[in-house]
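Numbering (the numbering used here), first residue to last: 296 to 485.
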């Protein structure tokens, strides 16, 4: 018996080839209903203690147990969890998880593009800074994809008037060679 998270953040119980979602919690027991109750009108149910122990079957299922669907659900959950906790690319996560799955589970997987989109949705949005001093720059935003320096100047988070200068270092050399440097400030009408 194992409890995993459902798509909506609830609990999903896996037991003897069947999956259940939590239906009701009482003083000493929890009632679980089969996840296929809407798709196949399955009335299968089970009760457990509040600590998810001592499972007692209720109504019988109208379908056969499927360990493959449980493994599939665990694989999809593993992808989502890894996407939320790491900065790995969704394609890398997908390849890593699928390579460890059995052939039957791989056959159930949706298209790679759909899995990658789902993983991108799992990534937490960074908090919105309240002031410019709160802006922290991760290393990935200071270099280009070719590992060239992109952040040319940063006078620091504690500066009264913070200034960031981005650009390509080769363009900075060209700018130094100019006899009359141009900037956006030249076009201001003060």
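Heads up, the beta-carbon is just placed ideally off N, CA and C, and yes, glycines get one too.
Test item: CB-CB of residue i and residue j under 9 Å
i, j, result
"residue 361", "residue 312", "yes"
"residue 340", "residue 328", "yes"
"residue 454", "residue 434", "no"
"residue 494", "residue 366", "The structure shown does not extend to residue 494, since the chain is modelled only from 296 through 485, so no value can be given for it."
"residue 316", "residue 305", "yes"
"residue 314", "residue 394", "no"
Burial state of residue i, where buried means 16 or more other Cβ atoms lie within 10 Å
i, result
"residue 485", "Per-residue confidence for residue 485 stands at a pLDDT of 48, beneath the threshold of 50, marking its modelled position as unreliable; no derived number is given."
"residue 336", "exposed"
"residue 379", "exposed"
"residue 436", "exposed"
"residue 368", "buried"
"residue 307", "buried"
"residue 473", "exposed"
"residue 414", "buried"
Cα-Cα separation between residue i and residue j, rounded to whole angstroms
i, j, result
"residue 463", "residue 469", "10 Å"
"residue 352", "residue 342", "6 Å"
"residue 320", "residue 348", "14 Å"
"residue 461", "residue 386", "29 Å"
"residue 392", "residue 373", "8 Å"
"residue 277", "residue 318", "One cannot answer for residue 277 here, as it falls past the ends of the chain, which runs 296 to 485."
"residue 439", "residue 325", "53 Å"
"residue 471", "residue 400", "59 Å"
"residue 450", "residue 456", "9 Å"
"residue 303", "residue 417", "12 Å"
"residue 355", "residue 310", "13 Å"
Are at least three pairs of beta-carbons, each pair with one atom in the stretch 403-415 and one in the stretch 445-459, less than 8 Å apart?
no
If we require 3 or more residues per run, which beta strand (DSSP E) segments fall completely within the stretch 393-480?
446-449, 459-461
Write down every uninterrupted run of the beta strand (DSSP E) in the stretch 339-374 whose length is 3 residues or greater and which is fully enclosed by it, in chain order.
340-344
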